[in-house]
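Going by UniProt numbering, the first residue of the sequence shown is number 1, and it counts up by one from there.
Beta carbons: idealized from backbone N, C-alpha and C, even for Gly.
Scroll down for the structure; my scribbles are underneath it.
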Amino acid sequence: KQGVMASPMFKPIGSNSGGVSGEGDNKFDVFYKDLKETEKRDSVLTSKQQIDRLLRPGASYANLNPFEVLQVDPKTPIDEIKKKFRRMSILVHPDKNQDDSERAQKAFDELTKAWRCLENESTRQKCLDIVEEAEAIVTKRTEERKKQLKREGKDTRVDEDDPEKLKRAVYVQTMKLFADMERKRRQQETRDQEERKRKRDLEIEEEEQRKAEKEWQKNFEESRVNRVNSWKDFQKGKSAKKFKGFKPPKHKAEARD
Numbered sequence: 001k002q003g004v005m006a007s008p009m010f011k012p013i014g015s016n017s018g019g020v021s022g023e024g025d026n027k028f029d030v031f032y033k034d035l036k037e038t039e040k041r042d043s044v045l046t047s048k049q050q051i052d053r054l055l056r057p058g059a060s061y062a063n064l065n066p067f068e069v070l071q072v073d074p075k076t077p078i079d080e081i082k083k084k085f086r087r088m089s090i091l092v093h094p095d096k097n098q099d100d101s102e103r104a105q106k107a108f109d110e111l112t113k114a115w116r117c118l119e120n121e122s123t124r125q126k127c128l129d130i131v132e133e134a135e136a137i138v139t140k141r142t143e144e145r146k147k148q149l150k151r152e153g154k155d156t157r158v159d160e161d162d163p164e165k166l167k168r169a170v171y172v173q174t175m176k177l178f179a180d181m182e183r184k185r186r187q188q189e190t191r192d193q194e195e196r197k198r199k200r201d202l203e204i205e206e207e208e209q210r211k212a213e214k215e216w217q218k219n220f221e222e223s224r225v226n227r228v229n230s231w232k233d234f235q236k237g238k239s240a241k242k243f244k245g246f247k248p249p250k251h252k253a254e255a256r257d
């Protein structure tokens, strides 16, 4: 599957997710405008357009949002989402795009991953919660900015009063939240891998210790038997040396005058 690629619009997942401003803001405007134009063209659902959309530069961030991948509103019923997935998966399937099968497979994988996420009630609810949280953050931030402008005696109109700019602000915030969720998922995955490795290393260490103890016990038993046998042999030899059997006295010839 396609890995997460860095793009000029966003920092890699796991980096400081500060606000987009200045040159970065201009780059994102270009990206967002291009994205919406692409989505408008993709409304005809051609295979090439869908593959290009799912694999365009920066798509690895947008594709963290399964609703964006399948081009459905978060409030769309799951049955309708399933129909949309089937239509799109047929369009980008490698068998139907043999002249570009490698990219088609990557696009197909992105669609499948998004559908697997949304067909599961638990993960779909998490995605809905992220979208709602993004909307709430943008609404609160907009209200606070208006209050600040009012306190300063300035015009309280803000960019988010424009529906398109409001939509863009929610889109940006949603992407940040999905990126943050992915970063946390990866961190947890890394911790889990480290914990599994730690447990495995401990198991190996304990197994080696058991083997060493077993080997030591085996050697000790063998040496004990050898020591006992040696002592018995020594005792036998000592006894044989001490008692060599009965010998009659030597005969002395009588002296005659």
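Asked: Beta-carbon spacing of Leu54, Ala179 below 8 Å; Found: no
Asked: Which of helix, strand or coil DSSP assigns to Arg168; Found: helix
Asked: Asp159 vs Lys165 beta-carbon contact at 8 Å; Found: yes
Asked: Same chain, Cβ closer than 7 Å to Ser101, neighbours up to 5 away in sequence not counted; Found: Pro94
Asked: Inside the segment 86 to 149 only - alpha helix (DSSP H) runs reaching at least 4 residues; Found: 101 to 119
Asked: Proximity of Gly108 and Ser89 at Cβ, strictly below 8 Å; Found: Note that residue 108 is Phe in the sequence shown, not Gly. Cβ atoms of Phe108 and Ser89: closer than 8 Å.
Asked: Among Thr76, Ala104 and Thr123, nearest to Lys48 - alpha-carbon criterion; Found: Ala104
Asked: Exposure of Gly153, with buried meaning 16 or more beta-carbon neighbours within 10 Å; Found: exposed
Asked: Extent of the continuous alpha helix (DSSP H) run through Arg53; Found: Ser47 to Leu55
Asked: Inter-residue spacing [alpha-carbon to alpha-carbon] between Leu118 and Arg183; Found: 19 Å
Asked: Residue range of the alpha helix (DSSP H) that includes Val69; Found: Pro66 to Val69
Asked: Inter-residue Cα distance where the pair is Arg186 and Glu194; Found: 12 Å
Asked: Cβ-Cβ distance between Ala134 and Val170 below 8 Å; Found: yes
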